[in-house]
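Numbering (the working numbering), first residue to last: 1 to 583.
We put the beta carbon where it would ideally sit given N, CA and C, even for glycine.
No experiment lies behind these values; they were computed from the predicted model shown.
Okay, so here's the structure we're looking at.
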DNA sequence: TAGAATCGCCAC
DNA sequence: AAACGTGGCGATTCTA
């Protein structure tokens, strides 16, 4: 890395040289060094721009803000491609520090993930991607150095090198994307990126007081249950002497709980929820153990920890959304995971609209089953959606050859289990366990199901066969997942067939959802409304009270339009509600 | 003793 | 044991 050439700009009169380079370039490598990781409380120190053979570093601390205006207009201009690795990071800082909206992004991180095609081995840090695609070793030691004071030559060379590699990396990735037929999905991801940046930047509002109040109620309940359980489980046996102090049992340890139950004569195969639930009817203590589990889960995962994510500057929660979080393309969320807040009103009602604002909550109705209908072209399934029937009721009617009105709640429940389970590649054993019936009965149900939906049967078989034959699957937009499973291995063979059925469905769901994010975000631009959360098939938008109905219409239509880009034989339905809180 | 592995459970 | 797919994450337990 030694001997990297760079030009450090610290004076406004040096900027025209950079602008000259901008005006003749079609693409520029972009990177930034910041004083911290939080865009709302940290500052950009250095902005690095790389052109072929030229690395320019801007010392933002030295340059007057006004002088940077022409630079920013290039950053906002989509005609100039900005090549960045995980552009989300730099974009949020440009937004918070200068109000600049980065446009025209080529993200080498997202591209590297797409090219990786779901490989668990490939890492996608700049260092790893550059090593893999350009065979260049990078030294990232300076990354965590102090960027707020005097910058030494070592830091500046590091900064220059970080942006210098971006254009060659882009070229290598663009070639790979092309070779692997990933151009369509790459465009979809890049178009979606600004909506993710905006969502993270805006954050979501949490009513902290309400959250705290709920926690203290749960804590009291949990302590009471815990105390009685420990006392009871601590007994060495039913004939324990009064003077025995008992055994201390850690209720959070599955191992200790299992031993304690055994001492009381309750033999459980496993302490998992599923097994315990089966025994809860016979043993009140098992039922209370389940109550404890639920309360303690609530406190540990959804307790005070969440409050630490409230940003001191914005007073909102800015979670980390990984745009390509799974090989199927789903977005995942962490720090905190806003995608796994429990459904209960007591949790979600804490995520609400601030004073004078409203939330628009919109989710795709049965999107994965609609995708299955489209892909399989199954007449009966298509018909159910076209007639806007209740899917599970319709499935039950099809299976038993009875009118819709004759479907009992029990039959509907069975049909629902099949509809949900089969897109995940479920077999007779799994269905039997889920519905509490024998494997034979489950097998008969599955036969009935596939007799009602022969097209679905054919499609699922073909999808599984394809996964075995080719070892890969693609979504509607061409997103690729190369499976790391051996079809000759007995266990992995089954897994391969299941994932082969599910991946195109779940993945096409992701494609549709990302288009929905993109279109929604674009149509809300310039209004008072913005996306604050996204959960696989649900978009949560915050807006002014006065415009809530209009916003709801826009979100609804955007999602329908997105779905209609992919599904032609089946209508898209979106459930939209305007509320004060996320429920 | 820090990090990895595992269990268990939340979401879709 | 596991038995339907994709994740994140907290607590415990294992391991270098």
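Exercise. For residue 97, does the count of other Cβ atoms within 10 angstroms reach 16, so buried, or fall short, so exposed?
Worked result: Numbered from its first residue, the first chain carries residue 97 at position 97. So residue 97 counts as buried.
Problem set entry | Residue interval of the beta strand (DSSP E) (run including residue 544) | Within the first chain, residue 544 is the residue found at index 544, counting from 1. 538-544 is the extent of the beta strand (DSSP E) around residue 544.
Exercise. If you draw a straight line from the alpha carbon of residue 257 to that of residue 233, how long is it in whole angstroms?
Worked result: Against the first chain, residue 257 aligns to sequence position 257. Against the first chain, residue 233 aligns to sequence position 233. C-alpha separation (whole angstroms): 8 Å.
For this session: Work out the CA separation of residue 509 and residue 573 for me, nearest whole Å.
Result: Residue 573 sits at position 573 when you count from the first residue of the first chain. Residue 509 sits at position 509 when you count from the first residue of the first chain. Near 14 Å, if we compare the C-alpha coordinates of residue 509 and residue 573.
Problem set entry | The beta strand (DSSP E) enclosing residue 320, as first and last residue numbers | Your numbering for residue 320 matches position 320 in the first chain. DSSP places residue 320 inside the beta strand (DSSP E), whose first and last residues are 320-322.
Problem set entry | Proximal residues to residue 296 (C-beta, below 6 Å), its chain only, five neighbours per side dropped | Looking up residue 296 in the first chain gives position 296. Excluding residues within five positions, the ones whose Cβ falls inside 6 Å are 222.
Exercise. Of the choices 205, 109 and 162, whose alpha-carbon is the least far from that of residue 142?
Worked result: In the first chain, the residue the question calls residue 142 occupies position 142. With respect to the C-alpha of residue 142, the residue from 205, 109 and 162 having the closest C-alpha is 162.
Problem set entry | Inter-residue spacing [alpha-carbon to alpha-carbon] between residue 428 and residue 498 | To locate residue 428, count along the first chain from 1; it is residue 428. To locate residue 498, count along the first chain from 1; it is residue 498. Annotation: residue 428 to residue 498 spans about 13 Å, alpha carbon to alpha carbon.
Exercise. Can you name the start and end residues of the alpha helix (DSSP H) that residue 507 belongs to?
Worked result: Taking the first residue of the first chain as position 1, residue 507 is located at position 507. Unbroken alpha helix (DSSP H) run through residue 507: 490-524.
Problem set entry | Close beta carbons around residue 411, own chain, < 6 Å, minus the five adjacent residues each side | The residue you call residue 411 lines up with position 411 of the first chain. The beta carbon of residue 411 lies closer than 6 Å to those of 396 in the same chain, with the five residues before and after it left out.
Problem set entry | Exposure of residue 378, with buried meaning 16 or more beta-carbon neighbours within 10 Å | Stepping through the first chain from its first residue, residue 378 is reached at position 378. By the Cβ neighbour-count rule, residue 378 is buried, with 16 or more other Cβ atoms within 10 Å of its own.
Exercise. Who are the near neighbours of residue 275 in its chain, counting only those whose CB is closer than 6 Å to its CB and skipping five residues on each side?
Worked result: Taking the first residue of the first chain as 1, we reach residue 275 at position 275. Within its own chain, the residues whose Cβ lies closer than 6 Å to the Cβ of residue 275, once the five positions on either side in sequence are excluded, are 268 and 269, listed in chain order.
Exercise. Counting only runs that start and end within the region 11-86, where is the beta strand (DSSP E) found for 3 or more residues in a row?
Worked result: Runs found: 27-34, 44-51, 54-59 and 81-84.
Exercise. Which ranges would you report for the alpha helix (DSSP H) in the region 249-297 if only whole runs of at least 4 residues count?
Worked result: Complete alpha helix (DSSP H) runs here, min 4: 254-263 and 273-280.
Exercise. Buried or exposed: which applies to residue 108, given that a residue is buried once 16 or more other Cβ atoms fall within 10 Å of its Cβ?
Worked result: What you label residue 108 is simply residue 108 of the first chain in a count that begins at 1. The residue in question, residue 108, is buried, as its Cβ has 16 or more Cβ neighbours within 10 Å.
For this session: Answer with buried or exposed for residue 318, where buried requires no fewer than 16 other C-beta atoms within 10 angstroms of its C-beta.
Result: Taking the first chain and counting its residues from 1, one reaches residue 318 at position 318. So residue 318 ends up on the buried side.
Exercise. Buried or exposed: where does residue 386 fall if 16 or more other Cβ atoms within 10 Å of its Cβ makes it buried?
Worked result: In the first chain, counting from the first residue as 1, residue 386 sits at position 386. Residue 386 should be labelled exposed.
Exercise. Can you give the beta carbon distance from residue 134 to residue 50, rounded, assuming they're within the 8 Å contact cut?
Worked result: Here residue 134 is taken as the residue at index 134 of the first chain, counted from 1. Here residue 50 is taken as the residue at index 50 of the first chain, counted from 1. Residue 50 and residue 134 do not touch by the CB rule: their CB atoms are close to 14 Å apart, not below 8 Å.
Exercise. Can you tell me whether DSSP reads residue 183 as helix, strand or coil?
Worked result: Taking the first chain and counting its residues from 1, the one referred to as residue 183 is at position 183. Annotated three-state conformation of residue 183 is helix, per DSSP.
Exercise. What did DSSP end up calling residue 7 once you bin it into helix, strand or coil?
Worked result: On the first chain, position 7 is the one that residue 7 refers to. Three-state DSSP puts residue 7 in a strand.
Problem set entry | Same chain, Cβ closer than 7 Å to residue 74, five either side skipped, listed in chain order | Here residue 74 refers to the residue found at position 74 of the first chain. Closer than 7 Å at the Cβ level, and outside the excluded window around residue 74, lie 22 and 80.
For this session: Quick one: grab the DSSP three-state call for residue 338.
Result: For this step, residue 338 is matched to residue 338 along the first chain. Correct three-state label for residue 338: coil.
Exercise. Just the Cα atoms here: how many angstroms apart are residue 330 and residue 506?
Worked result: Taking the first chain and counting its residues from 1, one reaches residue 330 at position 330. Taking the first chain and counting its residues from 1, one reaches residue 506 at position 506. Roughly 8 Å between the two C-alpha positions.
For this session: Note down, in chain order, each residue of its chain lying with its Cβ closer than 8 Å to the Cβ of residue 334, except the 5 sequence neighbours on either side.
Result: By one-based count along the first chain, residue 334 stands at place 334. If the five residues before and after residue 334 are omitted, its C-beta is found closer than 8 Å to the C-beta atoms of 319, 320 and 322, all from its own chain and listed in chain order.
For this session: With a cut-off of 8 Å on the beta carbons, I'd call residue 612 and residue 31 a contact; round off their distance for me.
Result: Nothing in the structure corresponds to residue 612, since the chain is present only between 1 and 583.
Exercise. If you draw a straight line from the alpha carbon of residue 388 to that of residue 547, how long is it in whole angstroms?
Worked result: Counted from its first residue, the first chain places residue 388 at position 388. Counted from its first residue, the first chain places residue 547 at position 547. Taking the straight line joining both Cα atoms gives about 29 Å.
Exercise. By a C-beta neighbour count over all protein chains shown, 10 Å radius and 16 as the cutoff for buried, is residue 402 buried or exposed?
Worked result: Along the first chain, one-based indexing puts residue 402 at 402. Residue 402 comes out exposed.
Exercise. What do you get for residue 140, buried or exposed, if any count of 16 or more other CB atoms within 10 angstroms of its CB means buried?
Worked result: The count along the first chain starts at 1 and reaches residue 140 at position 140. It is exposed - the Cβ of residue 140 has fewer than 16 other Cβ atoms within 10 Å.
For this session: For residue 575, name the three-state secondary structure that DSSP assigns.
Result: Residue mapping note: residue 575 aligns to position 575 of the first chain, counting from 1. DSSP places residue 575 in the strand class (E or B) of the three-state scheme.
For this session: Grab the span of the alpha helix (DSSP H) containing residue 162 for me, first residue to last.
Result: The sequence position of residue 162 within the first chain is 162, counting from 1. Going by DSSP, residue 162 is part of the alpha helix (DSSP H) stretching over 153-164.
Problem set entry | N- and C-terminal bounds of the beta strand (DSSP E) containing residue 530 | Position 530 of the first chain, counting from 1, holds the residue named residue 530. Per DSSP, residue 530 belongs to the beta strand (DSSP E) from 530-534.
Problem set entry | Three-state secondary structure assigned by DSSP to residue 351 | Within the first chain, the letter at position 351 stands for residue 351. In the three-state reduction of the DSSP assignment, residue 351 falls in the strand class.
For this session: Measure from the alpha carbon of residue 445 to the alpha carbon of each residue in 400, 458 and 487, then state which is nearest.
Result: On the first chain, residue 445 is found 445 positions in, with the first residue counted as 1. Answer by Cα proximity: 400.
Exercise. Are the beta-carbon atoms belonging to residue 478 and residue 181 less than 7 Å from one another?
Worked result: In the first chain, counting from the first residue as 1, residue 478 sits at position 478. In the first chain, counting from the first residue as 1, residue 181 sits at position 181. Yes, Cβ-Cβ distance for residue 478 and residue 181 is below 7 Å.
For this session: Starting from the Cα of residue 151, find the closest Cα among 60, 100, 189 and 347 and give me that residue.
Result: Position 151 of the first chain, counted from the start, is the residue given in the question as residue 151. Nearest to residue 151 by alpha-carbon distance, out of 60, 100, 189 and 347, is 60.
Problem set entry | Top-ranked residue by Cα proximity to residue 534, from 183, 391 and 363 | Residue 534 sits at position 534 when you count from the first residue of the first chain. Ranking 183, 391 and 363 by Cα distance to residue 534 puts 363 first.
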